[in-house]
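J.:
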Amino acid sequence: MRVMVIVKANKDSEAGVMPDQKILGAMGKYNEELSKAGIMLAADGLHPSSKGKRVKFSGPERTVTDGPFAETKELIAGFWIWKVKSMDEALEWIKRAPFDGGTEIELRPFFEAEDFRAEFTPELRAQEARLRAEMEKRKA
106 MRVMVIVKAN
116 KDSEAGVMPD
126 QKILGAMGKY
136 NEELSKAGIM
146 LAADGLHPSS
156 KGKRVKFSGP
166 ERTVTDGPFA
176 ETKELIAGFW
186 IWKVKSMDEA
196 LEWIKRAPFD
206 GGTEIELRPF
216 FEAEDFRAEF
226 TPELRAQEAR
236 LRAEMEKRKA
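Here this note's numbering is used: position 54 in the sequence shown is 159, and no number is missing along the way.
1. Whole angstroms are fine: how far does the CA of residue 130 sit from the CA of residue 180?
2. What are the residues that DSSP puts in a beta bridge with residue 214?
3. Is there contact between the region 196-205 and the region 130-140, where contact requires at least three CB pairs shorter than 8 Å?
4. Let's see if you can read the secondary structure: which residues bound the beta strand (DSSP E) around residue 205?
5. Considering only the beta carbon of each residue, do residue 176 and residue 106 sit closer than 9 Å?
6. Could you work out which residue in 125, 127, 154 is closest to residue 115 when comparing CA atoms only?
7. What does the Cβ neighbour count give for residue 112, buried or exposed, with the cut at 16 atoms within 10 Å?
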């Protein structure tokens with residue numbers, strides 16, 4: 106199963122405070138462990154919401170709102186995408202992460218093809234496979 110590990114924003118991440126060398130080193134070591142174990146598929150940090158935009162869809166209308174956005178606890182500061190055997194395995198890995206200071210993490214499973222049952226027709230499955238293959242080619 107694939108899960109997205111969401112690192113919630115906080116006052117410092119929204120203020121653009123960058124991690125120090127000690128934190129970067131600890132996170133680098135942790136990411137290396139994830140990579141060697143075949144768990145980590147992707148990972149990145151995000152700029153503060155002040156550099157972001159939101160788009161609200163209402164019928165044909167599109168409303169763009171510039172950041173920063175209120176409710177820091179609802180914002181994302183970074184993420185990982187992991188491939189794990191179960192949510193329990195993901196929890197065991199995240200418990201080892203070098204966070205402190207009240208950092209909040211959310212783990213959410215991705216939908217997989219079988220979750221869509223019969224609605225995910227053979228044609229749609231083929232289209233999905235083509236798109237994934239194209240994305241993989243771009244990575245190389």
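Beta carbons: idealized from backbone N, C-alpha and C, even for Gly. Being a predicted model, the structure only gives us computed values, none of them experimental.
T.: Based on what the coordinates show:
1. Taking the CA atoms as reference points, residue 180 sits about 25 Å from residue 130.
2. Note: residue 214 sits in a beta bridge opposite 108.
3. Cβ pair count under 8 Å is three or more, so yes.
4. Element bounds for residue 205: n/a, residue is neither H nor E.
5. Going by C-beta atoms, residue 176 is not nearer than 9 Å to residue 106.
6. Looking only at 125, 127, 154, the smallest Cα-Cα distance to residue 115 is reached by 154.
7. Buried.
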